[in-house]
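Scroll down for the structure; my scribbles are underneath it.
Residue numbers (the working numbering): 370 to 528.
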């Protein structure tokens with residue numbers, strides 16, 4: 370029970386941190402670097418799979434990544450860019466806060482459902498892959514939208 374409460378508090382802290390980071394990011398122009406670096410930084414967490422405690426089956430990998438990709442849809446829908454003063458900015462969405470907390474509640478429900486059936490290490494591995502699948506999908510979508518706007522901006526500047 371301790372690990373469940375501790376991991377839930379950490380996840381809530383991360384969600385709140387993400388809200389502040391996202392609000393701060395919307396005040397500065399976006400860039401390719403700012404979009405693609407978070408998944409690279411997060412990828413270091415995959416080192417957990419070097420330890421047997423965190424090993425999971427291929428079925429669990431597919432399941433976790435699939436759920437992550439599904440959850441990314443909500444983040445993709447709320448991530449919009451706009452051109453302001455010849456720069457591209459991420460537009461803050463009012464629903465982003467609700468989506469993050471909704472995803473947190475969804476995660477808690479899933480953790481309750483599977484936590485009694487698999488070990489803490491396996492649960493940790495699955496939730497890492499869920500989050501990684503979600504952020505990679507979301508950021509690839511953001512990169513695509515950004516590059517489309519950048520192309521539009523370059524066409525305007527060349528005419």
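Every residue gets a Cβ at the ideal spot worked out from N, C-alpha and C, and that includes glycine. As the structure is a prediction and not an experimental result, all values here were calculated from the model.
Asked                                                                                                                                                        : Found
Residue ranges of each alpha helix (DSSP H) run of no fewer than 4 residues wholly in the stretch 457-505, ordered along the chain?                          : 465-484
Hey, would you say residue 466 sits closer than 8 angstroms to residue 450, going by beta carbons?                                                           : no
Just how far apart, CA to CA, sit residue 380 and residue 440?                                                                                               : 15 angstroms
Taking 7 angstroms as the limit between beta carbons, can you name the residues of its chain near residue 405, skipping five residues before and five after? : 508, 512
Tell me the residue span of the alpha helix (DSSP H) that contains residue 439.                                                                              : 427-447
Is the number of C-beta pairs between the stretch 419-436 and the stretch 485-494 that are closer than 8 angstroms three or more?                            : yes
Are at least three pairs of beta-carbons, each pair with one atom in the stretch 428-437 and one in the stretch 493-501, less than 8 angstroms apart?        : yes
For residue 469, count the other beta carbons within 10 Å of its own beta carbon; 16 or more makes it buried, fewer makes it exposed. Which is it?           : buried
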